[in-house]
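Numbering (my numbering), first residue to last: 78 to 387.
Where a beta carbon is used, it is the ideal one built from N, C-alpha and C, also for glycine.
What follows is one structure encoded as C-alpha cells, with my remarks underneath.
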C-alpha cells in the first residue's frame, strides 16, 4: 500500500449501493478534504474486506456485524467507526403460497441464501426469537428466480434490489410477493460497518475524520439529487456491470432512509444501545462467547468530529 493513500475495501460491486462515495469522488470532496482515496471493489469473487484489512492490503473496510466480530474473536484488533446503513437493508422475499410476514412464519422454511453473512443473519434471527433451528439453507445466486422456480420458500434479499426485479416482471409487492425486513423479525443490526485496525485509527485519525466528512458531504448531495449517483454508477464506476439507470435510480431512492436510524444523531451513527442491545444481543443469541468489551470494538468519536466540521 502507498503510504499516503487511504485504501478502502468495499464489500460489493461498484453499483449505486455506494452512491455517497461516487458523489463525493465525482464532486471532488475527497480531494478537497485532502484524502487520497483508493477503492478496492468487492463482489462474489473478491476477497472479503475483513481479509484484505487483516492482510494489510487495505486500511479500511466494510463488513457485516457477525463476520466482523468473528474476525475480532480470531485476534484482529478492528474498530468500527460507523455504519453506512444503520437501518439494515436485508429482508426475506416470499410468495403468497408460503408467506413469511413475521417470526412465527420462519420455522420449517427453506431459505435461499447467497453466502456466510446471510446464513449467520438467519441463524441469529431464529435464536433471537427463541425458535427451534428447524430450517434448510439452500445456496443460490443474486437473482430471485430461484424463488419463482420453487427452489425454496424465502429468498434472502436486499429490499433495495431483488423486489425491484420482481416489479420489473410486472409483479406487485404485497400481492404477488411479500417483503419482510430483518428488523421486523427482531434482527435489528446495522449493516455495512466501516472498520479499521486500531493502529490505523491511532496513526491516521485526522485522515479518517476527513474521509468521513467527505463521505457525509457526498451523502447530503445524494439526498438532494439521487439521479446523479445513479448516472455515475451506470456510466462510470460500474460501467462494465450492465446496470440500468431506472433500476439504479429506484435502488438509490429506496436506500435514502437507510443511512440514518430515525431519531439518531446523524447519518452512519451507531448508538451505544444499538451496540449493546442489538449487536451484542444478536452475537450472544447466535452462541458467540468471550465477546470483547463493547468500548473496544467501536469508536464513534471520529464521526462526531466529522459532524462538527461537515
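If distances are taken between C-alpha atoms only, which option among the options comes closest to residue i?
{"i": "residue 357", "options": "374, 331, 172", "result": "374"}
{"i": "residue 132", "options": "122, 91, 84, 161", "result": "84"}
{"i": "residue 324", "options": "238, 107, 371", "result": "238"}
{"i": "residue 379", "options": "155, 262, 178, 290", "result": "290"}
{"i": "residue 244", "options": "362, 327, 281", "result": "327"}
{"i": "residue 118", "options": "384, 310, 160", "result": "310"}
{"i": "residue 103", "options": "295, 140, 233, 116", "result": "295"}
{"i": "residue 192", "options": "158, 205, 230, 144", "result": "144"}
{"i": "residue 355", "options": "204, 97, 136", "result": "204"}
{"i": "residue 138", "options": "319, 285, 386, 342", "result": "285"}
{"i": "residue 176", "options": "224, 337, 318", "result": "224"}
{"i": "residue 111", "options": "288, 214, 140", "result": "288"}
{"i": "residue 302", "options": "178, 134, 250, 329", "result": "329"}
{"i": "residue 150", "options": "352, 369, 349, 351", "result": "369"}
{"i": "residue 276", "options": "153, 128, 342, 363", "result": "153"}
{"i": "residue 365", "options": "351, 142, 240, 342", "result": "142"}
{"i": "residue 335", "options": "236, 202, 179", "result": "236"}
{"i": "residue 202", "options": "171, 376, 362, 385", "result": "362"}
{"i": "residue 178", "options": "304, 338, 254", "result": "254"}
{"i": "residue 387", "options": "360, 351, 376, 344", "result": "344"}
{"i": "residue 170", "options": "184, 230, 158, 124", "result": "230"}
{"i": "residue 135", "options": "274, 107, 188, 263", "result": "274"}
{"i": "residue 337", "options": "215, 297, 319, 304", "result": "297"}
{"i": "residue 376", "options": "96, 352, 258", "result": "352"}
{"i": "residue 158", "options": "269, 318, 259, 359", "result": "269"}
{"i": "residue 263", "options": "183, 319, 308", "result": "183"}
{"i": "residue 342", "options": "381, 242, 124, 215", "result": "381"}
Throw me the rounded Cβ distance for the residue i and residue j pair, which I believe falls under 8 angstroms.
{"i": "residue 306", "j": "residue 89", "result": "The Cβ separation is near 15 angstroms, so there is no contact."}
{"i": "residue 82", "j": "residue 115", "result": "5 angstroms"}
{"i": "residue 233", "j": "residue 200", "result": "Incorrect: roughly 12 angstroms between the Cβ atoms, too far for contact."}
{"i": "residue 130", "j": "residue 86", "result": "6 angstroms"}
{"i": "residue 217", "j": "residue 190", "result": "7 angstroms"}
With 16 other CB atoms within 10 Å as the buried threshold, where does residue i fall?
{"i": "residue 173", "result": "exposed"}
{"i": "residue 367", "result": "exposed"}
{"i": "residue 271", "result": "buried"}
{"i": "residue 252", "result": "exposed"}
{"i": "residue 226", "result": "exposed"}
{"i": "residue 211", "result": "exposed"}
{"i": "residue 92", "result": "buried"}
{"i": "residue 265", "result": "buried"}
{"i": "residue 207", "result": "exposed"}
{"i": "residue 340", "result": "exposed"}
{"i": "residue 168", "result": "buried"}
{"i": "residue 209", "result": "exposed"}
{"i": "residue 383", "result": "buried"}
{"i": "residue 299", "result": "buried"}
{"i": "residue 181", "result": "exposed"}
{"i": "residue 213", "result": "exposed"}
{"i": "residue 280", "result": "exposed"}
{"i": "residue 148", "result": "buried"}
{"i": "residue 312", "result": "exposed"}
{"i": "residue 101", "result": "buried"}
{"i": "residue 120", "result": "exposed"}
{"i": "residue 267", "result": "buried"}
{"i": "residue 240", "result": "buried"}
{"i": "residue 96", "result": "buried"}
Alpha carbon to alpha carbon, what distance is there between residue j and residue i?
{"i": "residue 389", "j": "residue 278", "result": "The question about residue 389 has no answer here: the residues shown for the chain are numbered 78 through 387."}
{"i": "residue 76", "j": "residue 186", "result": "Outside the shown range of the chain (78 to 387) lies residue 76, about which nothing can therefore be said."}
{"i": "residue 316", "j": "residue 164", "result": "28 angstroms"}
{"i": "residue 347", "j": "residue 160", "result": "7 angstroms"}
{"i": "residue 109", "j": "residue 146", "result": "34 angstroms"}
{"i": "residue 372", "j": "residue 321", "result": "43 angstroms"}
{"i": "residue 220", "j": "residue 250", "result": "17 angstroms"}
{"i": "residue 331", "j": "residue 198", "result": "22 angstroms"}
{"i": "residue 282", "j": "residue 228", "result": "48 angstroms"}
{"i": "residue 30", "j": "residue 261", "result": "No statement about residue 30 is possible, as the shown extent of the chain runs from 78 to 387 and does not include it."}
{"i": "residue 349", "j": "residue 247", "result": "43 angstroms"}
{"i": "residue 293", "j": "residue 166", "result": "19 angstroms"}
{"i": "residue 259", "j": "residue 360", "result": "15 angstroms"}
Is residue i a contact residue of the ligand GTP, with contact defined as CB to any heavy atom under 7 angstroms?
{"i": "residue 143", "result": "The ligand content of the structure shown is nil, which means the ligand GTP is not present either."}
So that I know if they touch, is there some Cβ in chain D lying closer than 8 angstroms to that of residue i?
{"i": "residue 234", "result": "Within the model displayed, chain D is absent; a lone protein chain is all it includes."}
Task: Uninterrupted beta strand (DSSP E) stretches inside the stretch 116–203 (no shorter than 3 residues) - done: 137–140, 155–162, 167–171, 186–190
TODO: Could I get the ranges of all uninterrupted beta strand (DSSP E) runs contained in the stretch 257–298, with 3 residues as the minimum, in chain order?
DONE: 268–274
Open item on the list: Please give me, in chain order, every unbroken run of the alpha helix (DSSP H) with length at least 4 that falls completely inside the stretch 294–379.
Closed with: 303–309, 322–332, 357–362, 371–374
- [ ] Taking only runs that begin and end inside the stretch 78–106, name each unbroken beta strand (DSSP E) of 3 or more residues, in chain order.
- [x] 83–86
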